[in-house]
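Student: Under the numbering used here, the first residue of the sequence shown is numbered 145, with each subsequent residue one higher. Ideal Cβ positions, reconstructed from N, Cα and C, are used throughout, including at glycine.
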Amino acid sequence: MHILVVDDYANAADSLAELLTDLGHTVNVAYSGTQALQAMRDQPPDLALLDINLPDLEGWQVAQALRADGSDCYVVAMTAATVPSYVARSARAGCDRHMTKPVTPADLERVITSAELRRKGQMPRRKLHGEPPPAALR
145 MHILVVDDYA NAADSLAELL TDLGHTVNVA YSGTQALQAM RDQPPDLALL
195 DINLPDLEGW QVAQALRADG SDCYVVAMTA ATVPSYVARS ARAGCDRHMT
245 KPVTPADLER VITSAELRRK GQMPRRKLHG EPPPAALR
């Protein structure tokens, strides 16, 4: 599975990427929203793990760009902040799940399983209330 890890904290991004690589996945790392958008265009991911607070774009903006491009990849918003409104905002941005850091190995296992099911067509993406329609339908 191809996974995109996006986090401006390089140690966190690199550690997570190393763990996922050790688990047998192909991983790209981006340290900003702009890098993430380029990485997504170069090689569309099956799973995107997005930090919310990036220096140039918010992770939510990256998720919205993924959805606007028609991507069906499994998108997870991750943040250290425990702000209840963030969960709803992640959903509105098109994220499939919102997780609070630090992410546990069990959390990773669950999102990887969900992404694998999505990739195999066994878990269609739910359209969330308030989520904008794909660009083709606007």
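(1) Would you list the one or two residues that DSSP bridges to residue 171?
(2) Ignoring anything shorter than 4 residues, give me the alpha helix (DSSP H) runs that lie fully in the region 173-235, in order along the chain.
(3) Going straight from the alpha carbon of residue 279 to that of residue 156, what length do you get?
(4) Extract the residue ranges of the alpha helix (DSSP H) inside the region 242-272, only unbroken runs of 4 or more that lie entirely within it.
(5) Under a three-way DSSP split, which group does residue 237 fall into?
(6) Taking 9 Å as the threshold (C-beta atoms), are residue 240 and residue 227 in contact?
Tutor: So, from the listed chains and residues:
(1) Position 27 of the sequence shown, counted from the start, is the residue given in the question as residue 171. 147.
(2) 177-186, 203-212
(3) The residue labelled residue 279 in the question sits at position 135 within the sequence shown. The residue labelled residue 156 in the question sits at position 12 within the sequence shown. Confidence at residue 279 is low in this model, with a pLDDT of 42, below 50, so its placement is unreliable and the value that follows should be read with caution. If you take the alpha carbons of residue 279 and residue 156, they lie about 33 Å apart.
(4) 249-263
(5) The residue given as residue 237 occupies position 93 in the sequence shown. Reduced to three states, the DSSP call for residue 237 is coil.
(6) As a working mapping, residue 227 is identified with position 83 in the sequence shown. As a working mapping, residue 240 is identified with position 96 in the sequence shown. No, they are not a contact pair.
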